[in-house]
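These notes concern the structure reproduced below.
What follows is the structure, given as structure tokens:
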């Protein structure tokens with residue numbers, strides 16, 4: 001393949017790192033693949049399907065993919081001919097998608113923008129939805145299979161990256177959204193020690209509502225079984241239940257997921273990480289992420305994490321499609337909102353939301369979510385699912401003095417010519433600006449020819465892409481972020497004593513001679529932190 005600067009690089013597409021997780025290996029830990037015989041066609045001429053899914057964030061795509069999907073992609077700069085070169089650092093990317101969707105195809109996650117930085121890029125898949133995260137709460141199906149797929153891919157990289165010219169002692173894991181949450185979860189899995197040396201979470205936290213483990217995963221397994229036609233699932237042993245679930249057609253699992261949202265437009269994330277018994281062999285998560293993180297049970301490697309201003313749009317955009325404002329629907333939507341936020345346990349949560357977000361005018365709560373007030377619902381999701389979990393994670397980790405210097409923050413606040421808002425809400429008004437939304441920074445990190453045109457060479461967006469990828473790769477290689485000498489003055493609230501490291505903000509420049517303003521800012525909003533701590537009754 002060719003990079004953005006027309007340099008040739010090597011692409012190995014579809015390397016099987018695990019046996020196909022089908023039959024007896026459905027709802028089971030991944031098994032390392034045996035060496036293949038003869039040649040392996042890794043040219044990409046026969047593209048591998050994504051893991052089985054229906055992308056609720058882009059529902060018009062329908063059911064897609066295959067259970068046989070555990071094939072990773074490796075991209076590396078061409079070695080110097082007849083010369084010796086130092087082993088290269090490796091960036092392993094974990095895609096997002098709410099643990100229910102996501103892709104690794106170079107048509108969506110193209111490495112061209114990263115490869116010029118002299119780094120090996122590995123893009124890994126993992127099982128999604130019920131295939132990746134269904135659990136009976138015991139050894140019959142312990143759960144976290146998707147996270148264990150990621151772990152096995154990291155073990156594969158550790159074992160084999162040297163053959164591609166990589167340094168197994170210089171590996172960075174980077175994930176976006178649910179992939180960013182996965183990165184933080186990998187930090188909490190002590191068994192990963194030595195598999196990576198640095199970590200980057202883009203707009204995703206293991207302390208977010210969508211990453212919070214269910215109290216009773218077996219109850220969900222019973223519901224799932226009933227939806228795919230298994231009668232009286234609660235009357236059988238968990239072993240028998242899993243055996244029956246292994247015989248069900250894969251499409252049925254995916255098509256049944258819509259039933260969990262009762263016809264609501266909220267993209268309900270049903271499946272995700274679960275707490276496993278410590279008795280389970282090679283368990284991934286033996287306590288809740290909040291408890292493990294709070295007690296300091298994580299690998300002390302440098303960690304870079306950050307956000308964009310309107311990450312919450314990923315949850316609010318689907319609500320705008322086919323808006324139903326019938327009176328009987330509105331209370332149902334409010335209840336679902338609390339469920340999505342995982343705030344239903346607190347009896348005061350329904351009262352707290354309008355006080356903060358609707359100017360204490362309770363009547364406004366009964367308004368249907370429309371174009372006019374989409375910003376409010378976006379802000380709710382943004383704070384609850386992204387800003388608060390990030391702040392909480394950093395504050396808790398920063399309390400551990402040994403890790404103080406190894407947490408770094410950024411905010412991607414650059415508004416360019418392209419936006420994922422056109423993907424999440426294609427029916428939207430072309431004149432309406434939804435801001436910098438979830439996934440927008442990915443446009444500057446990965447090439448995605450299936451979704452967006454390439455930036456013109458030397459255009460402002462192309463220059464921002466070069467700067468932002470350089471920022472990420474410098475961290476991936478060195479494990480720290482240089483302090484920014486600001487080229488623009490900014491206002492910081494002097495009354496607020498920051499308890500966070502300063503973040504590097506990438507923003508549109510007011511200076512006509514420069515495209516991008518880079519400056520240090522304070523991300524802490526203590527009022528916001530206090531509100532959500534109260535909301536979740538912490």
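In full-length UniProt numbering, the protein residues as written are 1 to 538. For every residue, glycine included, the Cβ atom is placed at its ideal position computed from N, Cα and C.
6 angstroms CB neighbourhood of residue i in its chain, flanking five on each side removed
i, result
"residue 529", "391"
"residue 112", "3, 4, 447"
"residue 410", "306, 503, 504"
"residue 293", "396"
Contact with chain D by residue i, beta-carbon distance below 8 angstroms
i, result
"residue 243", "Reference to chain D is not applicable here, since this structure consists of a single protein chain."
Residues bridged to residue i [DSSP beta-bridge criterion]
i, result
"residue 64", "53"
"residue 463", "Bridge partners of residue 463: none, in fact."
"residue 71", "16"
"residue 5", "BP columns for residue 5 are empty, so no partner."
"residue 519", "505"
"residue 93", "123, 174"
"residue 410", "306, 504"
"residue 206", "Paired residue(s): none; residue 206 is not in a bridge."
"residue 88", "166"
"residue 10", "76"
"residue 437", "310"
"residue 432", "Answer by DSSP bridge pairing: none, since residue 432 is not bridged."
Spatially closest choice to residue i from the options, by CA coordinates
i, options, result
"residue 424", "205, 318, 189", "318"
"residue 47", "432, 104, 171, 57", "104"
"residue 356", "379, 347, 339", "379"
"residue 101", "57, 88, 16", "57"
"residue 85", "162, 288, 459", "162"
"residue 52", "9, 60, 131, 388", "131"
"residue 453", "343, 270, 416", "416"
"residue 200", "476, 210, 512, 522", "476"
"residue 527", "387, 271, 458", "387"
"residue 272", "134, 8, 445, 26", "134"
"residue 478", "192, 457, 88", "88"
"residue 525", "384, 230, 209", "384"
Pairwise C-alpha distance: residue j and residue i
i, j, result
"residue 14", "residue 256", "29 angstroms"
"residue 139", "residue 213", "17 angstroms"
"residue 205", "residue 533", "16 angstroms"
"residue 222", "residue 216", "10 angstroms"
"residue 178", "residue 146", "11 angstroms"
"residue 108", "residue 502", "32 angstroms"
"residue 22", "residue 34", "16 angstroms"
"residue 514", "residue 464", "10 angstroms"
"residue 311", "residue 320", "16 angstroms"
"residue 69", "residue 123", "13 angstroms"
"residue 79", "residue 233", "56 angstroms"
"residue 362", "residue 326", "At residue 362, the pLDDT of 49 sits below 50, so the modelled position is not reliable; the number obtained from the coordinates is stated separately. Taking the straight line joining both Cα atoms gives about 18 angstroms."
"residue 20", "residue 159", "20 angstroms"
"residue 531", "residue 440", "27 angstroms"
"residue 428", "residue 449", "21 angstroms"
"residue 92", "residue 224", "32 angstroms"
"residue 195", "residue 154", "6 angstroms"
"residue 506", "residue 172", "22 angstroms"
"residue 351", "residue 241", "41 angstroms"
"residue 6", "residue 535", "52 angstroms"
"residue 278", "residue 308", "37 angstroms"
"residue 437", "residue 250", "33 angstroms"
"residue 10", "residue 38", "20 angstroms"
"residue 435", "residue 248", "43 angstroms"
"residue 288", "residue 27", "21 angstroms"
Where the alpha helix (DSSP H) through residue i begins and ends
i, result
"residue 147", "145-160"
"residue 528", "526-535"
"residue 259", "Taken as a continuous stretch (DSSP letters only), residue 259 belongs to no alpha helix (DSSP H), as it is neither H nor E."
"residue 313", "313-320"
"residue 422", "421-424"
"residue 131", "129-133"
"residue 230", "Neither: residue 230 is in no alpha helix (DSSP H) and is coded neither H nor E."
"residue 382", "374-382"
"residue 298", "Element bounds for residue 298: n/a, residue is neither H nor E."
"residue 444", "442-445"
Cut-off 7 angstroms between Cβ atoms - residues of its own chain near residue i, not counting five sequence neighbours on either side
i, result
"residue 276", "142, 143, 144, 283, 284, 285, 286"
"residue 164", "74, 76, 120"
"residue 12", "42, 73, 74"
"residue 18", "30, 31, 32, 33, 70, 149, 152"
First through last residue of the beta strand (DSSP E) which encompasses residue i
i, result
"residue 303", "303-307"
"residue 217", "First-last for residue 217: 217-227, but that is the alpha helix (DSSP H), not the beta strand (DSSP E)."
"residue 356", "Premise fails: residue 356 lies in the alpha helix (DSSP H), 349-357, not in any beta strand (DSSP E)."
Close-in-space but distant-in-sequence residues of the same chain around residue i (CB under 8 angstroms, 5 per side omitted)
i, result
"residue 175", "93, 94, 95, 96, 181, 182, 183, 200, 201, 202, 204"
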